[in-house]
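**Q** Structure incoming, see below.
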Amino acid sequence: MYKPLLSPGHTACGGCGQALAARLVVDIAGPNVIVVNNTGCLEVFSTGYPDSSWEVPFIHSLFENAGAVASGVESALKYLKKEDQINVIAQAGDGGTADIGLQALSGMWERGHNVLSICYDNEAYMNTGIQRSGLTPLDTNTTTSPVGKFSSGNIRPKKNMIEIASAHGISYVASATVGFPRDLQRKIKKALSLKGPKFLHIHCPCPLGWRHEPNLTLEVAKLAVETGLFPLVEFEFGKLINVYKLKEHKPVEEYLKLQGRFKHLLSPEAKAELARVQEIADGNIERYGLLVK
Amino acid sequence: MKEYLEGSQAIAKVVALCRPGVISAYPITPQTHIVEGLAQLVADGELKVEFVNVESEHSAASCCLGALATGVRAYTSTSSQGLLLMAEVIFNIAGLRLPLVLTCANRAVSAPINIWNDHQDSVTVRDSGWIQFYAESIQEAADLHIQGYRLSEDKRVLLPVMINIDGYILTHGYEVVDIPAQELVDKFLPPYQLERKLDPTHPLTLGVLAGPDYYMETRFAIEKTMEDVLSIIPEISNEFHRTFGRNTGGLIEKYCLEDAQRVIVAMGSVCGTIKETIDEIREKGEKVGLLKIITYRPLPQEEIYQALKKVKEIAVLEKAISLGGFGPLYTEIKSLFQGKGENPKISGFIVGLGGRDITKNSIKTVFDKLSGKQTDCEFIDLKNVEIR
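Chains R and L, in that order, give the protein sequences. Residue numbers for the first sequence follow my numbering, so the first one is 2 and each next one is one higher. Residue numbers for the second sequence follow my numbering, so the first one is 224 and each next one is one higher.
Right, here's the structure in full:
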């Protein structure tokens, strides 16, 4: 009988993309794994004492140190000569990966620890109440980048976390999404089959923060890819080796219109801002050659 | 074996004898010689350890945390700004009940930047749930590391231990040090074994969320353990004495206290200077003494009170200050006498901040001032310059 390694009964919101992604990750990784988690929604909804949803060894320390704690776990396994038997996964949200936790991750990658790092990217600090992060997209309405008379939301596009990771020259870097679970599973398997540091950046819709219906999580996630706003790419040792090709190029409105956080972009006065978002999608398509020709 | 060694080299050798499995550190003056010494032992194949050169002190402490939770003994060392950058992890390690041993090469805190010795760094994290020792000599510093691992990993304890050694004075000073044989250390310090660890055969969740229903009990548990530690430390230092033939460590040390009328309370290397000064003053027939605090956390309240209760004039001499308040140790020593009947005159003196030399004359000044008016927070050896 199928027994998930991230058990049900946790307190994630209905439609939570991160809960789905985390279950896929740990199920593929299997029981011989140690999970190190930064502070964030995932740790909060899955470890409220005296309960825990984790059927594998799990440690949460602080907001920014999963990279360093995982380095210690992996070094200990090396010392114990168990490095080949147990996988180490370090996971964090977008803030814990691209902002406050970036230094520790960069250190871990540079030192070459045999750890798979995962970013569950829901594009803002959701655990504290939808504040913008370095992975929040341009013009997103969050509680710290609110839309107002003089603001159309977040002032800058997402940080290119994939290429930052890839620039470390590590064995494998890929983006994935809960919208395409088979592709996600394949990438987890591939990452875990390789030695050294690996990074998997998973796009995870958040119904609460993105303000979409909970039953639309997968649809929203797919549209992020199909509009070119969240390209699915794979790098090996700094080189682009594969992309998820698009048969047609859907306009960004199809993605934006499902989400309250982008509502302001669809008013007639926001034409110029909407065009800037479309430019980002077009840029991704060109940069990574996403369209089937 | 007795060797003439720099303090940092002695500590590196003793740490290696304790057989850590993971060492992780980030360079900061005056801690550097300790980890350089360990790195050389690894490079020469004399120490089998995973040596992780991390990108910050925050990560050094975090890396040790991960190793300890996976069931491997760990070591780190830092100083000053490094300890403060670690502060978040310092609290976390204690909360997770992980037995890390850390050497703090005590140094002043910026700004202005100053690489010389005082105790502001370690005293600032006194509330974190760590056991804190302060060493007077290099030998004591070395011995406290062996005792520190034993104490920290004791199943009744499982709290981290910080060995505080005065930057430069002890880290860069030379002394004849007795470095014990590996067999003796192995006999005294059993292999590291942690019952609750990260192990796929027995999956556990560590570092949980605890709300108002449970958080307070976790803090109470540490406080109860700290009370127990006060009786476990003498037990361990006695066993150390039996094993190695040397009486070091413990809670406090009394020097010329039996008949003393004026007593200085202090921690760390300055106690050596104080002892010499006491010898000189006693030759003139004046009854002065020293109470050296070796264990600052947990604070050995009863031992301190019993040692001082017959003394009429007490000076608390410290290399740290709670700006806007008093010296932290002064506040605590004074509070021990509240409501107990005896009413000694207790004065607070701040000395040696940022490496200002504490001479025998400084100590004599303190003893002289003790006979005068009571003061709460008097700076000794201040220069007459105005700085804004």
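Cβ atoms here follow ideal geometry from the backbone N, Cα and C, with glycine treated the same way.
#1: Looking only at its chain, what residues have a beta carbon closer than 7 Å to the beta carbon of Ile29/R, apart from the 5 residues adjacent to it on each side?
#2: Hey, Thr218/R and Pro208/R: beta-carbon distance below 8 Å or not?
#3: With the cut-off set at 8 Å, would you say Val244/R and Gly290/R are in Cβ contact?
#4: Across the segment 327-345 of chain L and the segment 291-311 of chain L, are there enough close Cβ pairs to call them in contact, namely three or more that are closer than 8 Å?
#5: Thinking C-beta only, is Asn161/R closer than 8 Å to Thr143/R?
#6: Buried or exposed for Pro403/L, please, with buried defined as at least 16 other CB atoms from any protein chain shown within 10 angstroms of its CB.
#7: Per DSSP, what are the beta-bridge partners of Glu499/L in this structure?
#8: Does Ala77/R get closer than 8 Å to chain L when you measure Cβ to Cβ?
#9: Whose Cβ in chain R lies nearer than 7 Å to the Cβ of Leu453/L?
#10: Just to confirm my understanding: we take Met109/R, look at its own chain, exclude 5 residues before and 5 after, and list those with CB closer than 8 Å. What are they?
#11: What is the residue span of the beta strand (DSSP E) that Ile101/R lies within?
#12: For a quick check, are the C-beta atoms of Ala168/R and Phe200/R less than 8 Å apart?
#13: Can you pull the chain R neighbours of Leu381/L, defined as C-beta to C-beta under 7 Å?
#14: Take every Cβ of the segment 287-301 of chain L, pair it with every Cβ of the segment 274-282 of chain R, and state whether three or more of those distances are shorter than 8 Å.
#15: In terms of residue numbering, what span does the beta strand (DSSP E) encompassing Asn276/L cover?
#16: For Lys557/L, which residues in the same chain have their Cβ closer than 6 Å to its Cβ, ignoring the five residues on either side in sequence?
#17: Between Ala235/L and Leu261/L, how many whole angstroms is the CB-CB distance? I'm expecting something under 8 Å.
#18: How far does the beta strand (DSSP E) with Asn243/R in it extend, from its first residue to its last?
#19: Label Ser152/R either buried or exposed according to how many other C-beta atoms from any shown protein chain fall within 10 Å of its C-beta, with 16 as the threshold for buried.
#20: Could you check which residue in His464/L, Ser247/L, Ile445/L has the C-alpha nearest to that of Phe274/L?
#21: Please list the partners that Cys287/L has in chain B, where partner means a Cβ-to-Cβ separation under 8 Å.
#22: Between which two residues does the beta strand (DSSP E) harbouring Glu541/L extend?
#23: Near Pro138/R, which residues of its chain fall below 8 Å by C-beta distance, leaving aside the five closest residues on each side in sequence?
#24: Taking its Cβ as the centre, do 16 or more other Cβ atoms sit within 10 Å of Val399/L, making it buried, or is it exposed?
#25: Counting C-beta neighbours from all protein chains within 10 Å, is the total for Gln19/R 16 or more, i.e. buried, or is it exposed?
#26: Could you name the residues of the segment 306-335 of chain L whose beta carbon sits closer than 8 Å to any beta carbon of chain R, in the order they occur along the chain?
#27: By DSSP, does Ile516/L sit in helix, in strand, or in coil?
#28: Within 10 angstroms of the Cβ of Met224/L, are there 16 or more other Cβ atoms? Answer buried if so, exposed if not.
#29: For Val275/L, which residues in chain R fall below 8 Å Cβ to Cβ?
#30: Give me, in chain order, the residues of the same chain whose beta-carbon lies closer than 7 Å to that of Asp184/R; leave out the 5 immediate sequence neighbours on both sides.
#31: Looking at chain L, which residues of the segment 244-278 of chain R have a Cβ within less than 9 Å of any of its Cβ atoms?
#32: Quick check on this structure: which residue in Gly180/R, Ala192/R, Val37/R has the alpha carbon closest to the alpha carbon of Val174/R?
#33: Is the shortest distance between the beta-carbon of Asn66/R and the beta-carbons of chain L less than 8 Å?
#34: Since Thr293/L meets chain R, which of its residues come closer than 8 Å, beta carbon to beta carbon?
#35: From this set, Met385/L, Leu374/L, Ser454/L, Leu306/L, which residue's C-alpha is nearest Leu325/L's C-alpha?
#36: Can you confirm whether Tyr126/R, when its beta carbon is compared against all beta carbons of chain L, has any partner nearer than 8 Å?
**A** Let me lay it out:
#1: Walking along the first sequence from the start, residue 29/R turns up at place 28. Hits under 7 Å: Gln186, Ile189, Lys190.
#2: On the first sequence, residue 218/R is found 217 positions in, with the first residue counted as 1. On the first sequence, residue 208/R is found 207 positions in, with the first residue counted as 1. Result yes, Cβ atoms of Thr218/R and Pro208/R sit closer than 8 Å.
#3: Reading the first sequence from its first residue, position 243 is the one you call residue 244/R. Reading the first sequence from its first residue, position 289 is the one you call residue 290/R. Yes; because the gap between Cβ atoms is below 8 Å, this pair is in contact.
#4: yes
#5: Position 142 of the first sequence holds residue 143/R. Position 160 of the first sequence holds residue 161/R. No, Cβ-Cβ distance for Thr143/R and Asn161/R is not below 8 Å.
#6: The residue labelled residue 403/L in the question sits at position 180 within the second sequence. Under this definition Pro403/L is a buried residue.
#7: The sequence position of residue 499/L within the second sequence is 276, counting from 1. None, per the DSSP bridge assignment.
#8: Counting from one through the first sequence, the residue named residue 77/R turns up at place 76. Yes, its Cβ sits closer than 8 Å to a Cβ of chain L.
#9: Taking the first residue of the second sequence as 1, we reach residue 453/L at position 230. Those do not exist, as Leu453/L stays about 29 Å from chain R at its closest Cβ, beyond 7 Å.
#10: As a working mapping, residue 109/R is identified with position 108 in the first sequence. Closer than 8 Å at Cβ, skipping near neighbours: Gly68, Ala69, Ala71, Ser72, Ala91, Val116, Ser118, Pro198.
#11: The count along the first sequence starts at 1 and reaches residue 101/R at position 100. Judged by DSSP secondary structure, Ile101/R falls outside any beta strand (DSSP E); it is assigned neither H nor E.
#12: Position 167 of the first sequence, counted from the start, is the residue given in the question as residue 168/R. Position 199 of the first sequence, counted from the start, is the residue given in the question as residue 200/R. No, the Cβ-Cβ distance between Ala168/R and Phe200/R is not below 8 Å.
#13: Within the second sequence, the letter at position 158 stands for residue 381/L. Chain R residues near Leu381/L: none, gap ~16 Å exceeds 7 Å.
#14: no
#15: Mapped onto the second sequence, residue 276/L falls at position 53. Start and end: 273-276.
#16: Looking up residue 557/L in the second sequence gives position 334. Closer than 6 Å at the Cβ level, and outside the excluded window around Lys557/L, lie Ile569.
#17: Position 12 of the second sequence, counted from the first residue, corresponds to residue 235/L. Position 38 of the second sequence, counted from the first residue, corresponds to residue 261/L. 5 Å between Cβ atoms; contact.
#18: Mapped onto the first sequence, residue 243/R falls at position 242. 240-244 is the extent of the beta strand (DSSP E) around Asn243/R.
#19: Residue numbering aside, residue 152/R sits at position 151 when the first sequence is read from its first letter. It is exposed - the Cβ of Ser152/R has fewer than 16 other Cβ atoms within 10 Å.
#20: For this step, residue 274/L is matched to residue 51 along the second sequence. Residue Ser247/L is the option with its Cα nearest to Phe274/L.
#21: No chain B is part of this structure, whose protein chains are labelled R and L.
#22: Locating residue 541/L in the second sequence gives position 318, where the first residue counts as 1. Start and end: 536-541.
#23: Within the first sequence, residue 138/R is the residue found at index 137, counting from 1. Within the same chain, Pro138/R has close Cβ partners Glu124, Asn155, Pro158, Lys159, Leu230, Val278, Ile281.
#24: Translated into positions along the second sequence, residue 399/L becomes position 176. Its Cβ having fewer than 16 others within 10 Å, Val399/L is exposed.
#25: Counted from its first residue, the first sequence places residue 19/R at position 18. Counting of Cβ neighbours within 10 angstroms places Gln19/R among the buried residues, the total reaching 16 or more.
#26: Listed in chain order, the positions of the segment 306-335 of chain L with a beta carbon within less than 8 Å of a beta carbon of chain R are Glu311, Val312, Asn315, Leu319.
#27: Here residue 516/L refers to the residue found at position 293 when the second sequence is read from its first residue. In this structure, Ile516/L counts as strand in the three-state DSSP scheme.
#28: Stepping through the second sequence from its first residue, residue 224/L is reached at position 1. Taking all protein chains in view, the Cβ of Met224/L is surrounded by fewer than 16 other Cβ atoms within 10 Å, so the residue is classified as exposed.
#29: For this step, residue 275/L is matched to residue 52 along the second sequence. Those within 8 Å of Val275/L in chain R are Ser72, Gly73, Ser76, Arg112.
#30: As a position in the first sequence, residue 184/R is number 183, starting the count at 1. Around Asp184/R: Ala177, Leu233, Tyr245.
#31: Residues: none.
#32: Counting from 1 along the first sequence, the entry for residue 174/R is found at position 173. The option with the nearest alpha carbon to Val174/R is Ala192/R.
#33: Stepping through the first sequence from its first residue, residue 66/R is reached at position 65. Asn66/R counts as touching chain L.
#34: Here residue 293/L is taken as the residue at index 70 of the second sequence, counted from 1. By Cβ distance, chain R contributes Ile35, Gly73, Val74, Ala77, Leu78, Leu81.
#35: Numbered from its first residue, the second sequence carries residue 325/L at position 102. The shortest C-alpha separation from Leu325/L is found at Met385/L.
#36: Taking the first residue of the first sequence as position 1, residue 126/R is located at position 125. No, Tyr126/R does not count as interfacial toward chain L.
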